[in-house]
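Under our numbering, the first residue of the sequence shown is numbered 2, with each subsequent residue one higher.
Okay, so here's the structure we're looking at.
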Amino acid sequence: MSSVKEIEGRSKTQVDEQRIEQFANTHRLPKAFLSIAAQYYQPLARQIAKHTIEDGLRLLGICGAQGTGKSTLAAFVAQFLTQEFGLTVVCLSLDDFYLRKSERLNLASSTHPLLATRGVPGTHDIKLANTVINSLLAGNHVQIPRFDKSIDDRAEVEQFDISDGQVDLVVLEGWCVGAKVQQDEVLLDPINELERIEDPDGKWRTYVNQALGSDYTKLYSKLDYLVFLQAPSLECVYEWRGEQEKKLRDKVGDRFGEMTPVDLQRFIMHYERITRDCLAILPIIADAVMSLNPGHGVESLTYKRSSKSDQK
């Protein structure tokens, strides 16, 4: 056991390394994460802390395609800001605001069959998301919903998280957080087999785009800062989503139906249009961009906006 003197004598670097290693162990991350976190995650978290303390940042958005590490980054930022600055941070996932399965089935019946599949704009309860975010920022008692992907439905209320009291920062992560509405003419031509065969008249993608341009855009306009995790290609997204699928299957066992490569490819086709658009647009407009490589490492981290202290 280390003495108090030994602990106090440790350098800031040692403390940071210990925190990163503890985080990696808790989240069962590979050893490669340690250097990535030290070189990229931690500086980004410090930048976010500066904006929170100096510029009044209250709502942070993190966007990235499936498997890019959105939830990992969100959790890291929350832990770092709490330990380093004593800030209270609540992480939300857009996934947790999916419509209930019964609601999506009703939507599929009344509007388009493809809306039974969760994920695209139009399949979330954005009114609920706004209510939760506003309540968190007001410091109210809040029940935070959770979505159980193993049953493709919202979890029971007993499984919801609770927040009660002051919240300094809310982090909203999701694959289409900050996505932009497309022009109608862009929707005319299908971009993959799913759209060509199952949405030949464009009704589904038009509905999704209209949802994105209304409730989602209003929600995203509240973001004070947007971080984009830039995947190198859509092919990498397929591979990384497959890895996620395996981890979830290993975690919940037989409760999780196995998805074949063909099933997975079809599933991701639901997200392809907006994912491609985000890859083209968000690197230009996001406040911070973390570019990833095919090996799940980080190539670069760039900032488009500096804090007040950085401007001096």
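C-beta atoms are modelled at their ideal positions from N, C-alpha and C, and glycine is treated no differently.
If you're wondering where the values come from, they're calculated on a predicted model, not measured in any experiment.
Contact check, residue i vs residue j, beta carbons under 9 Å
i: LEU265; j: GLY175; result: no
i: PRO233; j: ASN141; result: no
i: PHE24; j: ALA76; result: yes
i: PHE229; j: GLY65; result: yes
i: HIS125; j: TYR221; result: no
i: GLN67; j: ILE275; result: no
i: VAL178; j: ILE282; result: no
i: VAL143; j: ILE163; result: yes
i: LEU61; j: ASP225; result: yes
i: LEU235; j: ASN210; result: no
i: LEU82; j: THR118; result: no
i: GLN245; j: PRO284; result: no
Candidates the options, of which the one nearest residue i by Cα
i: ASN59; options: TYR41, VAL91, ALA38; result: Going by the sequence as given, residue 59 is Arg instead of Asn. The option with the nearest alpha carbon to ARG59 is VAL91.
i: LEU280; options: THR69, LEU35, ILE49; result: THR69
i: GLY87; options: ASP185, LEU170, LYS247; result: LEU170
i: LEU116; options: GLY203, SER292, THR83; result: GLY203
i: LYS305; options: LEU45, GLN19, SER72; result: LEU45
i: ALA180; options: ASN135, ASP278, LYS150, THR73; result: ASP278
i: LYS219; options: LEU30, PRO31, LYS32, ALA130; result: ALA130
i: PRO31; options: ASP200, THR261, ALA109, THR73; result: THR73
i: ASP97; options: ARG155, GLN43, ASP200, ASN135; result: ARG155
i: ALA39; options: SER292, GLU18, LEU137; result: GLU18
i: LYS223; options: GLN43, HIS28, GLY57, ILE37; result: GLY57
i: LEU137; options: SER215, LYS71, GLY243, LEU93; result: LEU93
i: ASP200; options: ILE37, ALA109, SER36; result: ALA109
i: GLU85; options: LYS71, SER111, GLN43; result: GLN43
Status (buried if at least 16 other CB within 10 Å, exposed otherwise) for residue i
i: ASN26; result: exposed
i: SER301; result: exposed
i: PRO146; result: buried
i: ILE21; result: buried
i: GLY120; result: buried
i: GLN80; result: buried
i: VAL158; result: exposed
i: ARG101; result: exposed
i: GLU55; result: exposed
i: ASP185; result: exposed
i: ALA139; result: exposed
i: GLY10; result: Bear in mind that the predicted position of GLY10 carries a pLDDT of just 40, short of 50, making it unreliable; the figure below should be weighed with that in mind. Classification of GLY10: exposed, given that the 10 Å Cβ count is below 16.
i: HIS297; result: buried
i: LYS247; result: exposed
i: ASP190; result: exposed
i: THR261; result: exposed
i: LYS128; result: exposed
i: HIS28; result: exposed
i: THR303; result: exposed
i: VAL78; result: buried
Cβ separation of residue i and residue j, assumed to be a contact under 8 Å, to the nearest whole Å
i: PHE148; j: TYR208; result: About 21 Å; that fails the 8 Å criterion.
i: LEU213; j: VAL182; result: 5 Å
i: ILE152; j: GLU273; result: No, ILE152 and GLU273 are not in contact; Cβ-Cβ is about 25 Å, not under 8 Å.
i: VAL172; j: THR89; result: Not quite, the Cβ-Cβ distance comes to about 12 Å (not below 8 Å), so this is no contact.
i: TYR41; j: VAL299; result: 5 Å
i: TRP241; j: HIS113; result: With a Cβ gap of about 28 Å, TRP241 and HIS113 do not count as contacting.
Residue i CB to nearest heavy atom of the ligand ADP below 8 Å
i: ASP202; result: Among the components of this structure there are no ligands whatsoever, and the ligand ADP is therefore not found.
At least three beta-carbon pairs within less than 8 Å, the stretch 288-306 to the stretch 188-207: no
At least 3 beta-carbon pairs within less than 8 Å: the stretch 49-56 vs the stretch 97-116: no
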